[in-house]
Amino acid sequence: MAGFRPRVPAPADITMIAHHSVTLLFDLSDGADLAHDARGRYGRGSVAVGLLPGDFRASGRAGEVLQIRLEPVAAAALLGAPADLSGEAVPLEDVWGRDAAQAEDRLRAAGTWGERFTAARDILTRRLTELTRPDTRPPVDQEVAHAWRRTLGSRGRVRVGSLADEVGWSRKRLSARFSSQLGIAPKRAARLVRFDHAAHLLAAGRTAAGVATESGYVDQPHLHRDVKEFTGLTPAAVATAPWLAIDDLAWPASPPPAPMHQRP
Numbered sequence: 001m002a003g004f005r006p007r008v009p010a011p012a013d014i015t016m017i018a019h020h021s022v023t024l025l026f027d028l029s030d031g032a033d034l035a036h037d038a039r040g041r042y043g044r045g046s047v048a049v050g051l052l053p054g055d056f057r058a059s060g061r062a063g064e065v066l067q068i069r070l071e072p073v074a075a076a077a078l079l080g081a082p083a084d085l086s087g088e089a090v091p092l093e094d095v096w097g098r099d100a101a102q103a104e105d106r107l108r109a110a111g112t113w114g115e116r117f118t119a120a121r122d123i124l125t126r127r128l129t130e131l132t133r134p135d136t137r138p139p140v141d142q143e144v145a146h147a148w149r150r151t152l153g154s155r156g157r158v159r160v161g162s163l164a165d166e167v168g169w170s171r172k173r174l175s176a177r178f179s180s181q182l183g184i185a186p187k188r189a190a191r192l193v194r195f196d197h198a199a200h201l202l203a204a205g206r207t208a209a210g211v212a213t214e215s216g217y218v219d220q221p222h223l224h225r226d227v228k229e230f231t232g233l234t235p236a237a238v239a240t241a242p243w244l245a246i247d248d249l250a251w252p253a254s255p256p257p258a259p260m261h262q263r264p
């Protein structure tokens, strides 16, 4: 979770690149002030952003925004199968239901960011408890959940064939179930996770050649290819891109961002 508050009343302008999570942005202003644009589709207010959103931008005079990132397995339990969100940004109420407005009101009423983070955890926990029961099948197979967590833990350097062997499935079956339940093919998920690790290293000042080697790329051109695909930029430009400064804990080598923010 991360909380954002502008230092001065001025329009906000945030660019979000592809990330290996489903992102919820709660607009806590007095009224739907956060405008968002994903692939030419415009909307206002709180929004859910799926995996691989493409060119996603949020702007407006939003007073405060709470960002919650959910790993795809957790998002499937909390929102339903996130395949419907892949590459999309949709109004939060479309995936959260009528309770979205109540969640916004509770978060808006919290007096401090600490209270707001606590309230957010409680809201997520209650929703998970209500939606998951012992007699219902989880939305994500345990084999798929294992494959995702291995992909994340290996920083995208585990092969799909190896994952299939670990869970006792064929590669074709794993790819099909992984894609349908998480909204992204396992090979592409590995590329996305590997890119995210490489971006951290680039932001920390490492050379592109060193990052390519450390991140498991065949060579530097393959790193350039992924960075270009996921950001539209070169590795050198990624290292100083403004969106890397939004989270000074995840990106400690970056300069302080323009908006104030706090994290739990």
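Its first residue numbered 1, the sequence shown is counted upward by one per residue in UniProt numbering. Note that the Cβ used here is the ideal one computed from N, Cα and C, for glycine as well.
Check: Which full runs of the alpha helix (DSSP H) of 4+ residues lie inside the region 210-240, going along the chain?
Finding: The region 210-240 contains these whole alpha helix (DSSP H) runs: 220-231 and 235-238.
Check: By DSSP, does residue 135 sit in helix, in strand, or in coil?
Finding: DSSP places residue 135 in coil when its eight states are reduced to three.
Notebook entry, point to check: Does the Cβ-Cβ distance between residue 193 and residue 163 come in under 8 Å?
Noted result: Not a contact, by the Cβ cut-off of 8 Å.
Check: Buried or exposed: residue 218, going by 16 or more other Cβ atoms within 10 Å of its Cβ?
Finding: By the 10 Å Cβ count, residue 218 comes out exposed.
Item checked: Straight-line Cα distance separating residue 146 from residue 185 -> One Cα belongs to residue 185, the other to residue 146, and the distance between them is close to 14 Å.
Next item on the list: Report the residue from 78, 149, 132 and 95 whose alpha carbon sits nearest the alpha carbon of residue 121.
Entry: Taking only the C-alpha atoms, the option nearest residue 121 is 78.
Next item on the list: Mind checking which residues open and close the beta strand (DSSP E) that includes residue 23?
Entry: That run of the beta strand (DSSP E) goes 22-27.
Item checked: Residue from 182, 175, 240 and 225 with nearest C-alpha to residue 201 -> For residue 201, the nearest C-alpha among the options comes from 240.
Note to self: Need the endpoints of the alpha helix (DSSP H) that residue 160 sits in, please.
What the structure shows: Start and end: 160-167.
Checklist line | Three-way DSSP call (helix, strand, coil) for residue 70 in this model | finding: Three-state DSSP puts residue 70 in a strand.
Notebook entry, point to check: Would you call the CB atoms of residue 65 and residue 23 closer than 8 Å?
Noted result: No; because the gap between Cβ atoms is not below 8 Å, this pair is not in contact.
Notebook entry, point to check: Helix, strand or coil for residue 261 per DSSP?
Noted result: Residue confidence is low: residue 261 scores 40 on pLDDT, short of 50, so the model does not pin down where it sits. No coordinate-derived value is stated.
Notebook entry, point to check: In chain order, which beta strand (DSSP E) runs of at least 3 residues are fully inside the region 70-118?
Noted result: Entirely contained in the region 70-118, the beta strand (DSSP E) runs reaching 3 residues are, in chain order, 89-91.
Next item on the list: Have a look at residue 42 and residue 34 and give me their C-alpha separation to the nearest angstrom.
Entry: Residue 42 and residue 34 have their alpha carbons spaced roughly 11 Å apart.
Item checked: Cβ contact (3+ pairs, closer than 8 Å) linking the region 135-146 and the region 172-192 -> Between the region 135-146 and the region 172-192, the count of Cβ pairs shorter than 8 Å is three or higher; the stretches touch.
Notebook entry, point to check: By how many angstroms is the C-alpha of residue 2 removed from the C-alpha of residue 114?
Noted result: Their backbone Cα atoms lie some 11 Å apart in a straight line.
Margin query: Tell me the rounded alpha-carbon separation between residue 224 and residue 52.
Written below: Cα to Cα, the separation comes out at about 18 Å.
Next item on the list: Return helix, strand or coil for residue 35, following the three-state DSSP convention.
Entry: Note: residue 35 maps to strand in three-state DSSP.
Next item on the list: Express the C-alpha separation of residue 220 and residue 102 in angstroms, rounding to a whole number.
Entry: In a straight line, the C-alpha of residue 102 is about 48 Å away from that of residue 220.
Next item on the list: May I have the straight-line CA-CA distance separating residue 130 from residue 236, to the nearest angstrom?
Entry: Computed Cα separation, rounded: 46 Å.
Item checked: Terminal residues of the beta strand (DSSP E) in which residue 3 lies -> For residue 3, the enclosing beta strand (DSSP E) starts and ends at 2-5.
Checklist line | Under 8 Å between C-beta atoms of residue 189 and residue 36 | finding: No. Outside cutoff.
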